[in-house]
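These notes concern the structure reproduced below.
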Amino acid sequence: MLLPRLATIAFVMLGVCAEQPTQQDRVRTTPVTPPPPDCRDAPPGEALAQWPAGECPLVLLLEREGVRLESLAKQPPSPWRGKPPECSAAPCRFEGLQTPLGPMIVASEPTANSEMPRAVHLGVALAGSAIAFVDLWAGAGASVVEDSTELGPAHALVPMQCGRKLGLFAGARLPAGEAIAPPLELIAREGVIAIDDGSAELRPGTREGCTPLVLPLP
């Protein structure tokens, strides 16, 4: 009965090939919940995240040239647009929320064999309808490994509210980071972003008077 067995193997192999991700599968979509009665439905497109924002929610949509963030209000303001981070190992995961500095997006890139991401980016909605993403782990050093499990770097850039500016300052994200100084490469990336100026330029600043933002960071 060799032929039936070969046919079965061929069928299984076809199924495996069909499940392989393409280069376009770099983002993970999320179900869109029905909007409140006084809000409009989400526009067509792949929804990456949706979250409450005042009377009507905000929805993050995938576009051909990037992502678009817009309100589901019946008369919405101009949407924000930006280029999302590149996620090659697995689809990006997006989670958005409102902060005292406006909408922000946590974009994480999972590893192929672990739930712990290999990179974490913070998306900031700037004045002037632009979204800028900042890598919070770049320059943070090697991943901490405990019990054969990668936990990510011991330090990261910590998003803070500094008046009307977004502060990004090196800090410990794991207990192991409390006992050692952050890498110099990470410290060199510290600074503040003037959100109301509409520029993603990282400018010199101090963490004095700043408070950490409550964000769903891994």
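Residues in the sequence shown are numbered from 4 upward in steps of one, following the working numbering. Idealized CB from N, CA, C, for every residue including glycine.
Compare the Cα-Cα distances from residue i to each of the options and report the closest residue.
i             : options                           : result
glutamate 112 : Cys42, Asp138 and Ala130          : Asp138
leucine 218   : Ser117, Glu204 and Arg176         : Arg176
alanine 93    : Leu154, Thr114 and Gly105         : Thr114
proline 82    : Thr102, Gly144, Asp199 and Ile134 : Ile134
leucine 220   : Val148, His158, Ile196 and Ile183 : His158
glycine 69    : Ala56, Gly57 and Glu49            : Glu49
threonine 152 : Pro186, Gly144 and Met119         : Met119
leucine 64    : Ala52, Gly57 and Phe136           : Ala52
glutamate 58  : Trp140, Leu72 and Pro39           : Pro39
Just the Cα atoms here: how many angstroms apart are residue i and residue j?
i              : j                : result
glycine 174    : isoleucine 190   : 9 angstroms
arginine 210   : glycine 85       : 27 angstroms
serine 146     : phenylalanine 97 : 22 angstroms
threonine 214  : glycine 180      : 19 angstroms
alanine 130    : glutamate 193    : 21 angstroms
glycine 212    : alanine 110      : 27 angstroms
glutamine 26   : serine 91        : Residue confidence for glutamine 26 is low, a pLDDT of 37 falling below 50, so the modelled location carries little weight and cannot support an answer.
proline 88     : valine 161       : 18 angstroms
asparagine 116 : aspartate 41     : 43 angstroms
lysine 168     : valine 195       : 6 angstroms
leucine 154    : proline 80       : 40 angstroms
aspartate 44   : leucine 61       : 11 angstroms
arginine 67    : proline 47       : 13 angstroms
glycine 142    : alanine 56       : 33 angstroms
cysteine 95    : proline 207      : 30 angstroms
isoleucine 108 : tryptophan 140   : 15 angstroms
aspartate 200  : serine 132       : 11 angstroms
leucine 72     : serine 202       : 17 angstroms
So, under 8 angstroms CB-CB, residue i and residue j are touching, yes? Tell me the CB distance rounded to an integer number of Å.
i              : j              : result
leucine 104    : tryptophan 54  : Not confirmed; about 15 angstroms, so no contact.
methionine 163 : leucine 205    : That pair is no contact at about 13 angstroms.
glycine 144    : proline 156    : 5 angstroms
valine 127     : isoleucine 198 : 6 angstroms
Runs of 3 residues minimum, wholly inside the segment 93 to 124: which ones carry the beta strand (DSSP E) assignment? 96 to 102 and 105 to 113
Inter-stretch contact (C-beta, 8 angstroms, three-pair minimum) for the segment 69 to 77 and the segment 116 to 124: no
Any beta strand (DSSP E) of 3 or more consecutive residues that is wholly inside the segment 28 to 84: 49 to 54, 61 to 66 and 69 to 74
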